[in-house]
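Going letter by letter, the sequence shown gives residues 2 to 86 in this note's numbering.
C-beta: ideal position from N, C-alpha, C; glycine also.
A quick write-up on the structure given underneath.
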Amino acid sequence: MVTKKTAEENLSFEEQMQKLEEIVKQLEAGNLPLQESIDQFKQGVELSKKMEKTLSEAQKSIASIIDEKGELKDFAEQTDDEGVN
2 MVTKKTAEEN LSFEEQMQKL EEIVKQLEAG NLPLQESIDQ FKQGVELSKK
52 MEKTLSEAQK SIASIIDEKG ELKDFAEQTD DEGVN
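Right, dumping it as structure tokens:
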């Protein structure tokens with residue numbers, strides 16, 4: 002059985018963004034009971050942290066293949082830097 006939390010962990014970045022936008026709309030509408038608003042807010046914070054981590058990892062990945070001048074690193078440089086060569 003797939004739990005709600007497990008299903009949310011498997012969402013793509015774009016699906017997470019869509020879910021976060023839905024939460025924001027619900028909270029902005031102001032029609033939710035207090036406890037549900039708090040629960041939605043918590044879920045939104047968790048999603049935003051997860052998305053921030055994903056973006057940070059993507060940035061590190063891109064930085065590892067682009068040098069300071071904004072040019073692609075030579076593959077030989079990458080393997081030397083990583084100690085693979």
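Look up Glu73 in the DSSP assignment and say whether it is helix, strand or coil.
For the purposes of this step, residue 73 is identified with residue 72 of the sequence shown, where counting begins at 1. Reading off the sequence, residue 73 comes out as Leu, not Glu. For Leu73, the secondary structure class from DSSP, reduced to helix, strand or coil, is strand.
Backbone secondary structure at Asn86 - three-state DSSP
Position 85 of the sequence shown, counting from 1, holds the residue named residue 86. The predicted model places Asn86 with a pLDDT of 46, which falls under 50 and marks its position as unreliable; any figure quoted below should be read in that light. Asn86 falls in the coil class under three-state DSSP.
Closest to Glu22 by CA distance: which of Leu35, Leu48, Asn11 and Glu10 is it?
Locating residue 22 in the sequence shown gives position 21, where the first residue counts as 1. Residue Leu48 is the option with its Cα nearest to Glu22.
Measuring only the C-alpha atoms, how far is Ala30 from Ser65?
Taking the sequence shown and counting its residues from 1, one reaches residue 30 at position 29. Taking the sequence shown and counting its residues from 1, one reaches residue 65 at position 64. Whole-angstrom Cα-Cα distance: 42 Å.
Judging by CA-CA distance, which residue of Glu53, Glu72 and Ser62 is the nearest neighbour of Glu15?
Here residue 15 refers to the residue found at position 14 of the sequence shown. Among Glu53, Glu72 and Ser62, the Cα nearest to that of Glu15 belongs to Glu53.
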